[in-house]
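Undergrad: My questions will all concern the structure given below.
Number of protein chains: 4
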Amino acid sequence: MADKIRVAVIGCGYWGPNLVRNFQALPEAQLIACCDLDKAALARMGQLYPTARLVTDVTALLADPDLDAVAIATPARSHYELTRAALLAGKHVLVEKPLAMTSAEACQLTELARAQGRVLMVGHVFEYHPAVHYIKTMLDAGDLGQPYYIYSTRVNLGRVQQDVNALWSIAPHDISILLYLLGQMPEKVTAQGARFLNGRVEDLVFLALTFPNNVLAHVHASWLDPSKARRLTVVGSRKMIVYDDVADEGKVKVYDKGVYRKGDDIYGEFQYRVHSGDIAIPRIDMTEPLRLECAHFLECVREGKEPRTGGEDGTRVVRVLEAAQASLDAGGWPVGVT
Amino acid sequence: MADKIRVAVIGCGYWGPNLVRNFQALPEAQLIACCDLDKAALARMGQLYPTARLVTDVTALLADPDLDAVAIATPARSHYELTRAALLAGKHVLVEKPLAMTSAEACQLTELARAQGRVLMVGHVFEYHPAVHYIKTMLDAGDLGQPYYIYSTRVNLGRVQQDVNALWSIAPHDISILLYLLGQMPEKVTAQGARFLNGRVEDLVFLALTFPNNVLAHVHASWLDPSKARRLTVVGSRKMIVYDDVADEGKVKVYDKGVYRKGDDIYGEFQYRVHSGDIAIPRIDMTEPLRLECAHFLECVREGKEPRTGGEDGTRVVRVLEAAQASLDAGGWPVGVT
Amino acid sequence: MADKIRVAVIGCGYWGPNLVRNFQALPEAQLIACCDLDKAALARMGQLYPTARLVTDVTALLADPDLDAVAIATPARSHYELTRAALLAGKHVLVEKPLAMTSAEACQLTELARAQGRVLMVGHVFEYHPAVHYIKTMLDAGDLGQPYYIYSTRVNLGRVQQDVNALWSIAPHDISILLYLLGQMPEKVTAQGARFLNGRVEDLVFLALTFPNNVLAHVHASWLDPSKARRLTVVGSRKMIVYDDVADEGKVKVYDKGVYRKGDDIYGEFQYRVHSGDIAIPRIDMTEPLRLECAHFLECVREGKEPRTGGEDGTRVVRVLEAAQASLDAGGWPVGVT
Amino acid sequence: MADKIRVAVIGCGYWGPNLVRNFQALPEAQLIACCDLDKAALARMGQLYPTARLVTDVTALLADPDLDAVAIATPARSHYELTRAALLAGKHVLVEKPLAMTSAEACQLTELARAQGRVLMVGHVFEYHPAVHYIKTMLDAGDLGQPYYIYSTRVNLGRVQQDVNALWSIAPHDISILLYLLGQMPEKVTAQGARFLNGRVEDLVFLALTFPNNVLAHVHASWLDPSKARRLTVVGSRKMIVYDDVADEGKVKVYDKGVYRKGDDIYGEFQYRVHSGDIAIPRIDMTEPLRLECAHFLECVREGKEPRTGGEDGTRVVRVLEAAQASLDAGGWPVGVT
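Residue numbers (the working numbering), protein chains in the order written: chain P, 4 to 341; chain V, 4 to 341; chain G, 4 to 341; chain S, 4 to 341.
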């Protein structure tokens, strides 16, 4: 391997330019190529990064022996084929979520990466977010008490997809956050959605996830909403957290709030006391999560480490998505996660 | 009937004092008594309204021939019995939501009121809210285009109930708003909830309602949340509305936003255009909705009119609650609304 | 004196009804009369508080030997005459701010109260606000470090006055807060304002106050502003506080923020380090400040104590107002506070 | 001149990298060099823009015949010398605000540019801001009625300067906005400030500006504040505007609010009516203002046009700053603007 890890970004539409920008800025990487079928997208990259090669032929790109790794930011349905081809060509791969459209394919890619001795990492970017880390640390330290429930709202207007629905396009973020925070898989999921714009894919989805130990989670994902919201609320028995990624000041608020029983259960009635104490807004590192994600990828490539969001992590998210899709198709019936 | 309608308020705990305050302030009414089993609650009323009688015996109160009407703000499970007794005693009744704990009882009360020739009105206060009226007017005028979906978040910390869950305690507000706005009943509902505090009733509930014509609605109700939120979002094909009852400025925002198809469906792909235009914050009358509700009750009593939120309206809400409870009990399975 | 302190409220226009409501609710007081020249205002009081006498003749009211104390909420220019008459009649007086329109009159009232052995208290309600107490406690404990500067914005649309300008109508609140927090008088003030609506009184004023020890304060008061704001910012050398009285959640925010010198002054240049740590939102008691103010007045009457906002405090505020008015009249020239 | 305008950016500290990024992205320009004395700053530029030359010798840079234009983003006290040298070398110049530290120097540069036949443009970036344009358009169309007053708050924590105070560092933005919106110069200014951090320059300043026709303006500029605010309020006789540059949604809000006289002046008293109507949030173009500024500079260079923020505009801002500094030095005395 050369002194710097030589990276190409495949897919320069919506998200890809962010990968290009970060790999260009990281001194451990050398951005050698941008790849897309759309020549206008390539031209925009060329204006900003005049030293990167602009290529349309992904097969030729993958055949280049001077390329070490690729970052794939193409439409979701192409993730499996492109990731497979890149691994077979001996490249390390950072692929956007979801890893694949079925858990069978996701497993297959995970095994292929192991067999090829290459890094396979999924771009579950929120697992690199300092705010999510902060919540995870509080949860694991028991500062919130017993987790009761978590709900997430991730809505916006735009980024309408036609090949995948809001479940596969938006909710992978929330599912990866939930699995990371709770450290376990849900037992069952129910999903409700509706198709308005083109009648083929759901424009919004409401997703309820039942975890072991009576922990409930809920996700609202939509690309058809008047305002942008990215808000996650964690309610524990001792404290509560709101993480609002859109807030200017105070993305994370820790509420010293709870409801406690007073005294014993006499004649079948408890007394409850609402405690409403201070609110703390911890200082959170403002480094761009994608910067941290890209740096982690480079570090794993350099040191041959398993990424924090590797193939197995990506497969778990796909398994939850599969169950949710089954519930959605059945009109909201509860579906177990296998 | 005397010159003023003589009113007593039964139940002076949390909500009752608001009824007392409004009936005291309305010149069409004469507040003659406050009734509660809790003498401390009565004493607080006595300090504020020294001319009202303070009574603990509801039977004696209802036997008073100088009493025209009662407002009932007692725990939900007592609504049926108290309303029945008051109607049998020939009093007009304004009863808090829910009207009853079963639709059979709700129907029975509705019929009893008709037989007795007395007004029965349910305190679905949001149907008297100027902001909800504004949204209804826009929907009916077609200004939002075709309604796509509506979701509501009504959460807070506190007002923990032990005899009824968050579905029966909080969600009646949202259900009455949805039925009013959409002018029809849902076909089926699914509900998810969890019990944390006392293990007997759900502290929070997520409720999905499928209406005819592919309209979806969702309600999140909880008394275990770090922040107070009362927010309703209506997404239509042409415009969208957010109604945030907690906002200082701009409780209602009308978004000239939408996603439209461009051109025809060629080769199975549409082109979409996101339109993001101005936002309008209409001036909304700031009269307290409960004032309007109480005034409407007095007007119905005076003129023998059927209230806008009479027994039938209250029964419809109970029917939806019954179906939701059945779904909740079944772990989230879809349940049809009969 | 009777068992309860017998109070009458003089002036039932904008602010008076709040005094009436609080004296009615406090068990230590007996509200015996409401007094106003406007019979419609009196009728509104009568509807809400049927046991209070409604009177228009203030002279007769003050002659009533069964009256112990009065609360005066009339236009500012009448404060001196009414307070004087009430003290001469042997009544304890709670008078709205400003105490008088000149410091000479304010002094005279202070001396008269002392001579009569009666309580004279000025309704500087923010000195009873738990949030202001919290800030005062932090300042006095040195938690903010050395105070640098304080600025206040108190603006709204409406409550247009014709007999007094925004300086005398609105800014007394801010001046009383500043004197209370800093515990000293300003050395000089400058004031800028402008007259738009009727050309006689300033509709808005910008006020800069220079305190000893290089502490600067600034007030922006206006009744001609699109939004309601009541926001005070205290910048100290170690921490900073924002007190936003309009905020739903977090009226007081304590910022662990500051700029510190690094190392020595070498070659005339310092190095600075910006420290931006956590933000704390302390839980603040939500008791209505006016309730606390009224209770304090009753306690002073009962126990013969000097009020925290007595005549001397009220006179100090008037002295600052006088200097500010002189600066305003001179087009903004700095004027010393005598 | 070559096909593209060949640009170098002098000063790559805080603001310069934004100029570099924009000139790199604009197809009409060719970024040929970044210049700074700080090699670490240059290295950061080199990582991001590998095709740009990195130079420390500004004299050699200006002697390069293949360079058409420079953008200067160095400390304020060096603006005059560097701009002068660049113009004498025949380069077109875009210089950050303030143009110079005295109006005499600013005039001299304006004349020099004219004599050399080169473009001189000052980076008053808010005059290129679509939100400011929107307000200007409304004002000029009379939609706000007669302008009453404008106030601006531009505060933050950080960007502490040691060679210039907050007046010269921050307030040029507000002054350029005010002159642009009102289309005239103020008659007099008063300024208050205080020095806390190093005792040499004011860390904050309050600035009042009296314009002709009884229009008042006020600026609060500080680098020692707990929160970032960039808010401008325009109060007119018919409507009011708040422009909050930090807001996520609704940077510009137009309030249909005002206070109007009812009827005639009888016995010296008017009746006033507060009108509080709808609020409109117009859709504002979200193009980065600096992109528009840089594009305008290139267009002026290409076509030999006088920039909208040329030397004369920059000189007017410096004249106001000079008067404000004189007031500041005199402890707040009103100073006429010559």
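A virtual CB, placed ideally from N, CA and C, is assigned to each residue, including glycine. Keep in mind that this is a model prediction, so the values were computed, not measured.
1. Expressed to the nearest angstrom, what Euclidean distance is found between the alpha-carbon atoms of Gly-317 (chain G) and Ser-240 (chain P)?
2. From Ala-109 (chain V) to Ala-76 (chain V), what does the alpha carbon distance come to, in whole angstroms?
3. Please check if any C-beta of chain S sits within less than 8 Å of the C-beta of Gly-14 (chain G).
4. So with CB distances below 8 Å, who are the chain S contacts of Ala-28 (chain P)?
5. Please list, in chain order, the residues of the region 275 to 305 of chain S that have any C-beta partner in chain V closer than 9 Å.
6. Quick check: the Cα distance between Gly-186 (chain P) and Ala-107 (chain P), rounded to an integer number of angstroms?
7. Between Val-10 (chain G) and Ala-74 (chain G), is the Cβ-Cβ spacing less than 8 Å?
8. Checking contacts by CB at 8 Å: is Gly-253 (chain V) closer than that to chain C?
9. Beta-carbon separation of Thr-193 (chain P) and Gln-195 (chain V) under 8 Å?
10. Using DSSP with H/G/I as helix, E/B as strand and the rest coil, what is Thr-156 (chain P)?
11. Go ahead and pull the three-state DSSP assignment for Pro-150 (chain P).
12. From which residue to which residue does the alpha helix (DSSP H) around Leu-184 (chain P) run?
13. Looking at chain S, is there any beta carbon in it that lies within less than 8 Å of the beta carbon of Asp-143 (chain G)?
14. Is it right to say Ala-72 (chain G) is buried, meaning 16 or more other beta carbons lie within 10 angstroms of its own, or is it exposed?
15. Helix, strand or coil, according to DSSP, for Leu-29 (chain P) in the structure here?
16. Strictly under 8 Å for the Cβ-Cβ distance: is Val-249 (chain V) near chain G by that measure?
17. Tell me, to the nearest whole angstrom, how far the beta carbon of Val-338 (chain P) is from that of Ile-178 (chain P); I am working on the premise that it is less than 8 Å.
18. Grouping DSSP H, G and I as helix and E and B as strand, with all else coil, what is Val-222 (chain P)?
19. Return the Cβ separation of Leu-102 (chain V) and Val-321 (chain V) in integer angstroms, given the expectation that the two are a contact with Cβ distance under 8 Å.
20. Could you name the residues of chain V that Lys-260 (chain P) contacts, counting a contact when the two beta carbons are closer than 8 Å?
21. Just checking, does the region 113 to 122 of chain P make contact with the region 168 to 176 of chain P on the three C-beta pairs under 8 Å criterion?
22. Would you mind stating whether Tyr-131 (chain P) and Val-238 (chain P) have Cβ atoms separated by less than 8 Å?
23. Does Arg-80 (chain P) pass the burial test, meaning 16 or more other C-beta atoms within 10 Å, or should it be called exposed?
24. Whole angstroms are fine: how far does the CA of Met-243 (chain G) sit from the CA of Lys-94 (chain S)?
25. Tell me whether Ser-106 (chain P) sits in a helix, a strand or coil according to DSSP, three-state version.
26. Under DSSP, the alpha helix (DSSP H) around Met-141 (chain P) begins and ends at which residues?
27. Per DSSP, Val-61 (chain P) forms a beta bridge with which residues?
28. Let me see if you follow: with CB-CB separation under 8 Å, is Thr-54 (chain S) close to chain P or not?
29. Shortest alpha-carbon distance to Met-289 (chain G) belongs to which of G:Val-255, G:Thr-312, G:Ser-279?
30. When you compare only the Cα positions, how much space is there between Ile-180 (chain V) and Arg-234 (chain G)?
31. Secondary structure at Met-289 (chain S), three-state DSSP: helix, strand or coil?
32. If distances are taken between C-alpha atoms only, which option among G:His-299, G:Ala-66, G:Pro-20 comes closest to Ala-46 (chain G)?
33. Taking all protein chains shown into account, decide if Tyr-154 (chain G) is buried (16 or more other Cβ within 10 angstroms of its Cβ) or exposed.
34. Are the CB atoms of Leu-57 (chain G) and Ala-197 (chain S) nearer to each other than 8 Å?
35. Buried or exposed, going by whether 16 or more other CB atoms sit within 10 Å of the CB of Leu-85 (chain S)?
36. For Gln-351 (chain S), which residues of its own chain have a beta-carbon under 7 Å away from its beta-carbon, when the five flanking residues on both sides are left out?
TA: Taking the definition as stated:
1. 49 Å
2. 16 Å
3. no
4. Gln-50, Leu-51
5. Ser-279, Gly-280, Asp-281, Ile-282, Ala-283, Ile-284, Pro-285, Arg-286
6. 22 Å
7. When the beta-carbon positions are compared, Val-10 (chain G) and Ala-74 (chain G) come within less than 8 Å of each other.
8. Although the question refers to chain C, the structure presented lacks it and instead comprises the protein chains P, V, G and S.
9. yes
10. Taken through DSSP and simplified to helix, strand or coil, Thr-156 (chain P) comes out as strand.
11. Three-state result, Pro-150 (chain P): strand.
12. 174 to 185
13. no
14. buried
15. DSSP, read as helix, strand or coil, puts Leu-29 (chain P) in coil.
16. yes
17. With 8 Å as the limit, Val-338 (chain P) and Ile-178 (chain P) do not qualify as a contact, their Cβ atoms being about 14 Å apart.
18. strand
19. Yes, they are in contact, since the Cβ atoms of Leu-102 (chain V) and Val-321 (chain V) sit about 6 Å apart, within 8 Å.
20. What Lys-260 (chain P) touches in chain V: Leu-160, Pro-229.
21. Short answer: they don't touch.
22. Contact: no.
23. exposed
24. A direct Cα-Cα distance of roughly 46 Å separates Lys-94 (chain S) from Met-243 (chain G).
25. Note: Ser-106 (chain P) maps to helix in three-state DSSP.
26. 133 to 143
27. Bridge partners of Val-61 (chain P): none, in fact.
28. yes
29. Out of G:Val-255, G:Thr-312, G:Ser-279, the CA that lies nearest to the CA of Met-289 (chain G) is found in G:Val-255.
30. Cα to Cα, Ile-180 (chain V) sits roughly 36 Å from Arg-234 (chain G).
31. coil
32. G:Pro-20
33. buried
34. no
35. buried
36. It is not possible to answer for residue 351 (chain S), since the shown part of chain S is limited to 4 through 341.
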